[in-house]
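Structure first, commentary second.
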Amino acid sequence: MQATGGVLSREELIARIMDGERPLLTHMPSFADQVQPNGVDLTLSGVHRHTGLGSIARDNSGRVLPELVELQPEEGWFHLTPGPWHITYNEIVDLPDNLMALGRPRSSLGRSGVTIHTAVWDAGYRGRSTSLLQVLNPAGFVVELNARVMQLVFFSLNTATVEGYSGKYQDENIER
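Using our numbering, read the sequence shown as starting at 40 and increasing by one per residue.
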């Protein structure tokens, strides 16, 4: 019988995070608070404002990422006006070739008029990822540095991929 993929449980996540050879996640500010029954909460490391035009083409040679300006927190808090914000997480994710992940904003964000848009974390990806945080609340939003903002849910693959992620964002934001 062929194994079937599925969502990793808290117990599977803990075992993979504690793996001494290749931990699934590192740089977690609060392991006990971040590991959930069906995923791991990622925490806010930084916020940037988009200041330039971005573009995407049929192939990566036409990709241009917009310029970013880093915001400095005021007494540990970011005061965000309505609009798009580029955020970075504290955690480094290291996916083996038999796992992929999807990110979802924590429900408190949606209840505050805020959401996070993410891409797929492909099997084989390693890095400190970024996402688009969008403040829809006309009054704005205030978020504390290191706050848990998104839950990353890990899925095991039916079969490990032969070639994992090897794109531009491999090992992104690891040195700081």
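For every residue, glycine included, the Cβ atom is placed at its ideal position computed from N, Cα and C.
Nothing here was measured: the structure is a model prediction, and the numbers come from that model.
7 Å Cβ cutoff met for residue i and residue j
{"i": "Pro109", "j": "His66", "result": "The amino acid at residue 109 is misidentified as Pro; the sequence shows Glu. No, the pair does not count as a contact, with Cβ atoms beyond the cut-off."}
{"i": "Leu134", "j": "His156", "result": "no"}
{"i": "Asp161", "j": "Met189", "result": "no"}
{"i": "Ser84", "j": "Tyr128", "result": "yes"}
{"i": "Leu64", "j": "His87", "result": "no"}
{"i": "Gly78", "j": "Leu191", "result": "yes"}
{"i": "Gly163", "j": "Tyr208", "result": "no"}
Inter-residue spacing [alpha-carbon to alpha-carbon] between residue i and residue j
{"i": "Thr70", "j": "Ala186", "result": "One point to set straight first is that residue 70 is Phe, not Thr, in the sequence displayed. So the alpha carbons of these two residues sit roughly 13 Å apart."}
{"i": "Pro105", "j": "Val153", "result": "22 Å"}
{"i": "His89", "j": "Gly166", "result": "21 Å"}
{"i": "Asp136", "j": "Asp58", "result": "16 Å"}
{"i": "Ala54", "j": "Gly206", "result": "28 Å"}
{"i": "Thr82", "j": "Pro68", "result": "8 Å"}
{"i": "Glu211", "j": "Ser168", "result": "7 Å"}
{"i": "Met40", "j": "Val201", "result": "Residue confidence is low: Met40 scores 41 on pLDDT, short of 50, so the model does not pin down where it sits. Its coordinate-derived value is still stated next. C-alpha separation (whole angstroms): 21 Å."}
{"i": "Phe117", "j": "Ile126", "result": "11 Å"}
{"i": "Pro112", "j": "Ile213", "result": "21 Å"}
Option in the options with minimal Cα separation from residue i
{"i": "Leu148", "options": "Ser48, Leu175, Pro76", "result": "Leu175"}
{"i": "Gln75", "options": "Leu52, Glu202, Leu141, Trp116", "result": "Leu52"}
{"i": "Asp80", "options": "Gly203, Gln209, Arg143", "result": "Arg143"}
{"i": "Val159", "options": "Gly101, Val132, Arg102, Glu60", "result": "Val132"}
inquiry  = Just to confirm the assignment: which complete beta strand (DSSP E) runs, minimum length 3, are found wholly within the segment 95-134?
reply    = 107-109, 116-119, 122-128, 131-133
Notebook entry, point to check: Are three or more beta carbon pairs between the segment 170-187 and the segment 118-138 nearer than 8 Å?
Noted result: yes
* Quick one: any contact between the segment 42-61 and the segment 185-199, if contact means 3 or more CB pairs under 8 Å? -> yes
Runs of alpha helix (DSSP H) lying entirely within the segment 132-193, each at least 4 residues, in chain order
146-150
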